[in-house]
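S.K.: Have a look at this one.
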């Protein structure tokens with residue numbers, strides 16, 4: 001981070017958790033500590049920081065922690081979630097008949 005050549009650092013929690021041997025455990029204390037350390041270092045070197053999140057709540061948490069750029073969801077994640085929501089609506093409607 002001290003190269004003077006970086007404008008932004010982007011944290012990918014899924015990639016980072018996988019490289020730490022805790023793949024997909026986004027609430028694992030070691031992962032959270034690592035991201036907090038990245039935030040601290042980025043702030044110390046005056047580098048903007050971005051982070052991928054799955055939802056507003058986790059994005060809001062990271063914004064409060066000093067992350068400036070939030071990427072929320074991806075096409076596959078958002079489509080899957082929307083299809084699941086719509087499927088549940090149909091199940092509920094069928095059950096209430």
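In this note's numbering, the protein residues as written are 1 to 97. For each residue, glycine too, the CB sits at the ideal point set by N, CA and C.
So does the stretch 42-50 actually touch the stretch 1-10, counting three or more Cβ pairs closer than 8 Å?
M.R.: They touch, by the three-pair rule.
S.K.: Below 7 Å between beta carbons: does that hold for residue 38 and residue 8?
M.R.: Contact flag unset, no.
S.K.: Identify, in the order they occur along the chain, each residue of the same chain with its Cβ nearer than 8 Å to the Cβ of residue 31, setting aside the five sequence neighbours on each side.
M.R.: Around residue 31: 13, 16, 17, 20, 22 and 25.
S.K.: Which residues in the same chain have their Cβ closer than 6 Å to the Cβ of residue 28, if we skip the five residues on either side of it in sequence?
M.R.: Taken in chain order, the residues that qualify are 22.
S.K.: Can you tell me which residues form a DSSP beta bridge with residue 52?
M.R.: In the DSSP output, where bridge partners are listed per residue, residue 52 has 71.
S.K.: Does the stretch 49-68 come within contact of the stretch 84-93, defined as at least 3 CB pairs closer than 8 Å?
M.R.: No, the stretch 49-68 is not in contact with the stretch 84-93.
S.K.: Anyone know if the C-beta pair for residue 50 and residue 78 falls short of 7 Å?
M.R.: Not in contact: residue 50 and residue 78 (Cβ atoms no closer than 7 Å).
S.K.: Could you spell out the range, first to last residue, of the alpha helix (DSSP H) harbouring residue 97?
M.R.: Note, residue 97: premise wrong, no alpha helix (DSSP H); not H, not E.
S.K.: Run through the DSSP bridge pairs and tell me what residue 77 is partnered with.
M.R.: Answer is none; residue 77 lacks a bridge partner.
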